[in-house]
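A.B. asks:
There are 4 protein chains.
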Amino acid sequence: MTDALPYDTHRLCELAGEIIVNVRELSALGWTPATSSNFSRRLDDRHAAITVSGRDKGKLREADIMVVDFDGRAVGSDHRPSAETLLHTQLYRRFPGIGCVLHTHSQVQTVASRLYAGAGHVHLEGYELLKAFSGNTTHETELDLPVLPNTQDMPSLAAQVDALLDRGDMWGYLIDGHGLYAWGRDMADARRHLEAFEFLLGCELELRKLGCA
Amino acid sequence: MTDALPYDTHRLCELAGEIIVNVRELSALGWTPATSSNFSRRLDDRHAAITVSGRDKGKLREADIMVVDFDGRAVGSDHRPSAETLLHTQLYRRFPGIGCVLHTHSQVQTVASRLYAGAGHVHLEGYELLKAFSGNTTHETELDLPVLPNTQDMPSLAAQVDALLDRGDMWGYLIDGHGLYAWGRDMADARRHLEAFEFLLGCELELRKLGCA
Amino acid sequence: MTDALPYDTHRLCELAGEIIVNVRELSALGWTPATSSNFSRRLDDRHAAITVSGRDKGKLREADIMVVDFDGRAVGSDHRPSAETLLHTQLYRRFPGIGCVLHTHSQVQTVASRLYAGAGHVHLEGYELLKAFSGNTTHETELDLPVLPNTQDMPSLAAQVDALLDRGDMWGYLIDGHGLYAWGRDMADARRHLEAFEFLLGCELELRKLGCA
Amino acid sequence: MTDALPYDTHRLCELAGEIIVNVRELSALGWTPATSSNFSRRLDDRHAAITVSGRDKGKLREADIMVVDFDGRAVGSDHRPSAETLLHTQLYRRFPGIGCVLHTHSQVQTVASRLYAGAGHVHLEGYELLKAFSGNTTHETELDLPVLPNTQDMPSLAAQVDALLDRGDMWGYLIDGHGLYAWGRDMADARRHLEAFEFLLGCELELRKLGCA
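Residue numbers (full-length UniProt numbering), protein chains in the order written: chain V, 1 to 213; chain H, 1 to 213; chain R, 1 to 213; chain A, 1 to 213.
1) Which residues mark the beginning and the end of the beta strand (DSSP E) in which Pro146(A) is found?
2) Is the distance from the Cβ of Ala117(H) to the Cβ of Pro149(H) below 8 Å?
3) With a 10 Å radius around its C-beta and 16 neighbouring C-beta atoms as the bar for buried, classify His178(A) as buried or exposed.
4) For Phe39(V), which residues does DSSP report across the bridge?
5) Using the Cβ count rule (16 or more neighbours within 10 Å means buried), how would you classify Cys13(V)?
6) As an exercise, report each continuous alpha helix (DSSP H) stretch of at least 4 residues that is fully enclosed by the segment 68 to 112 of chain R, in chain order.
7) Per DSSP, what kind of secondary structure is Thr51(V) in: helix, strand or coil?
8) Do you know how far the Cα of Gly184(R) is from the Cα of Val23(R)?
9) Should Glu62(H) be labelled buried (16 or more other beta-carbon atoms within 10 Å of its own) or exposed?
10) For Met170(R), which three-state DSSP category applies?
11) In whole angstroms, give me the CA-to-CA distance for residue 262(R) and Ala48(R).
12) Apart from the five residues on each side of it in sequence, which residues of its chain come closer than 6 Å, Cβ to Cβ, to Glu142(V)?
13) Grab the span of the beta strand (DSSP E) containing Gly184(R) for me, first residue to last.
14) Check whether the Cβ atoms of Gly202(H) and Gln107(V) sit closer than 8 Å, and answer yes or no.
15) Under 8 Å, with one C-beta from each stretch per pair, do the segment 188 to 200 of chain R and the segment 23 to 42 of chain H reach the 3-pair mark?
16) Give a yes or no on whether 8 Å exceeds the smallest Cβ distance from Leu207(V) to chain A.
17) If you measure between the beta carbons of residue 218(H) and Leu102(H), is that distance less than 8 Å?
18) Looking at Leu174(A): is its Cβ nearer than 8 Å to the Cβ of Leu145(A)?
19) With a CB to CB cut of under 6 Å and the five nearest residues on each side skipped, what residues in its chain are close to Gly99(V)?
20) Determine the chain H residues that contact Gly202(R) at a beta-carbon separation under 7 Å, and present them in chain order.
21) Is it buried or exposed, Ser156(R), if we count other Cβ atoms within 10 angstroms and call 16 or more buried?
22) Tyr7(V) and Asp45(V): beta carbons closer than 8 Å?
23) Rounded to whole angstroms, what is the Cα-Cα separation between Gly72(H) and His123(H)?
24) Which of the residues in the segment 103 to 136 of chain H, read from start to end, lie with their CB under 7 Å from any CB of chain V?
25) Does the Cβ-Cβ distance between Ala188(A) and Asp64(R) come in under 8 Å?
26) May I ask you to report which of helix, strand or coil DSSP gives Leu210(H)?
27) Is Leu129(H) helix, strand or coil by DSSP?
28) If you draw a straight line from the C-alpha of Leu180(R) to the C-alpha of Val147(R), how long is it?
29) Cα separation between His105(R) and Phe133(A)?
30) What does DSSP give as the partner residues of Met66(R) in its beta bridges?
31) Among residues of its own chain, excluding the 5 on either side of Ala119(A), which ones have a beta-carbon nearer than 8 Å to its beta-carbon?
32) Look at the Cβ atom of Gln90(V), then the Cβ atom of Val161(V), and state whether they are nearer than 8 Å.
33) Applying the criterion that 16 or more other CB atoms from any shown protein chain within 10 Å of the CB defines a buried residue, is Leu60(R) buried or exposed?
34) What residue from Val75(A), Gly135(A), Ser53(A), Ile20(A) has the CA that sits closest to residue 214(A)'s CA?
35) Tell me which residues of the segment 179 to 196 of chain R have at least one Cβ-Cβ distance to chain H shorter than 9 Å, keeping chain order.
36) Among residues of its own chain, excluding the 5 on either side of Ser77(V), which ones have a beta-carbon nearer than 8 Å to its beta-carbon?
Encoded structure:
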């Protein structure tokens, strides 16, 4: 049949359900204000399932999940993909091991992005929770979370991310005034990274208010 | 029948249900302390449905919603409308496109109103979330959220709001020591504006505590 | 029948249910940490229903509510009343119009009590929410919330409260390092006062962190 | 029967249920970010039930609870016990009266541990809530909560804890950049201690931001 969709619809259905449940939990934490943020899962080696732009993330339904190819074009629907889709698909295209990308806008992430935009990164060191990042097995590890300048020019932003990825292992980055991207092997892995960044950024802001850091 | 109500009771019933569900969610966030705050929806081109003054916003029932005309007078009931009803109806009268007005008292809104009352506005710039305001399509937009002096003289307050509305597009304003008014085409639009203001004011306060802004 | 209890058991049952529902909500807000806090309702002109000391306020059951007379002695049970029972019953004895006393330990209340213990009061002014206090009808009212030194000597503390009550209308007081007492005509009235104090103290602390107040 | 487990499986089942319910509540408070934290209950005089390392603490199931002996070795399963198991079992071995050990990673605990690591302890004084610690019956008591340097060398950490325990009564300790250990006779007792530490550390941090303490 010529009209057959080029991806596994059963798998899409599973992933959509998983996205809905997890994004509702993130929304209840206040990390997706005012219909912001977007979330995706790798569907196969050419497609990803991603939230449709502008939907209330606390009330996602299956119709709010669309399929895109790795150039960020809608597949099997006429939904307009979010401008930021490219920041998701560049990760899926480059790393076959990445299965989930989460982009949130918590207040802590936004404030930290503004505060450290000048430095270009947030230096995280001395926290046991650094062990939460896949591959880190000791709390002695330190980590610089990059902060990129905000722009509506997605190909330019994606190129900057690619340059950072060339340098070595990364689990996420901030965009100035905008929020956080975090990713992982699957939803659980990506959420662990997301939660760890949120927690560590929150600690850094508090320590700074207290006159340390 | 001479006693027929001059509005569509079926539509009122729908809007009351929508107000109840949404206000309970806002109340659970702590934005309506001590029975404060009020909420309305346009019913038609002469009437609005609005919460009765002094009710616990976390436990609203249908009997806590009344109808007013655009002069702020009760229609079809003998409930006493809130003194602030006029601040809702002036928006419905002036802009046929406004369908929902939300007035909340979160701590962030109250603190920001006190802090920026002298300046007369809160300047918001450099946030991706500025795109949440209808008509804004780039994060480069900046926005001044007005802060009006508090008073119990509602006609005077309404006149100040009218003067601000003459100057151009507005999505909300603060009243000193009091809280925020935000509005939109419908409930979803107004809530997106309300959430965006709450988020951005929270970021501004945090940045100020951290020695920026 | 000589063994008849000297109060209306049906009324006790109603009040116990009301206390349980309301205290669980306050506990969910984190205002009753580590089994602290206590809560009471007037039963009649000689008795009050009050929470038994040391129970987890998030998991109250009917067996966690006891009856005391206005000298703070257990009636109809051998539960040991909390040492602070006297601070509840002194209000019921003195003011027939008081029907509910709420004592909580939120972090904001505890921090404010430490911060303003030297001054002996927290001055609250310029907030619309001051209208939440029964009898206040304008936001122009100002209010001094007293802060008493902490002590385990309850008769001495009660005497200080009595001296304050002699001076005029009061809706609550703080005890240094300890928490807040608030009261009202009934549960709804007392909760409105409690929520208003919590909100206003929170605003004062935030404004102080921001360099104002 | 040679294969019989050396502990009471019915008791294990009860304790596992209790751990699951309580840890989900702690997780909902945000005290177990990114699969961190671990929790245990004494099973008998040679065994403890403890959470398996790396599980999402907000979604614990019975399969996420394992049995260890007091040397921290798995019993009756091939789960790998957390490296920190030894910090639990050293308490059970030394004090027959300890029935529950809770280790959490709240932001307040982590920030306080960083802030007071240099001093080696957090001094807590002037709080009514100090009465929450078993054996304390007056708010006049003061308490120094130890802060230990973080390390992955558990026997060394355990030896430092033992040295502190030699000095007198203790209800918990912090590890720098890591979190809090608190314990008690049973789950309710340990949770009361945990909540009291969280509350008091939160007050200390707030007072410090406000220019006191």
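Glycine included, every Cβ here is placed at the ideal spot set by N, Cα and C.
C.D. replies: With the structure as the only source:
1) 143 to 148
2) yes
3) buried
4) Per DSSP, the beta bridge partners of Phe39(V) are Leu102(V).
5) exposed
6) 85 to 94
7) strand
8) 15 Å
9) exposed
10) coil
11) Any property of residue 262(R) remains undetermined from this structure, which presents chain R solely from 1 to 213.
12) Counting only Cβ-Cβ distances below 6 Å, and skipping sequence neighbours, we find Glu125.
13) 179 to 184
14) yes
15) yes
16) At least one chain A Cβ lies under 8 Å of Leu207(V).
17) The requested residue 218(H) does not occur in the structure, where chain H is confined to residues 1 to 213.
18) yes
19) Closer than 6 Å at the Cβ level, and outside the excluded window around Gly99(V), lie Arg42, Arg185, Asp186.
20) Near Gly202(R) (Cβ distances below 7 Å), the residues of chain H are Gln107.
21) exposed
22) no
23) 32 Å
24) Gly126, Tyr127, Glu128, Leu129, Ala132
25) No, the pair does not count as a contact, with Cβ atoms beyond the cut-off.
26) If DSSP states are grouped into helix, strand and coil, Leu210(H) belongs with coil.
27) helix
28) 9 Å
29) Spanning the two alpha carbons is a distance of roughly 16 Å.
30) Ile50(R)
31) Val147
32) yes
33) buried
34) The structure shown does not extend to residue 214(A), since chain A is modelled only from 1 to 213, so the question has no answer here.
35) Ala188, Arg191, Arg192, His193, Leu194, Glu195, Ala196
36) Met66, Val67
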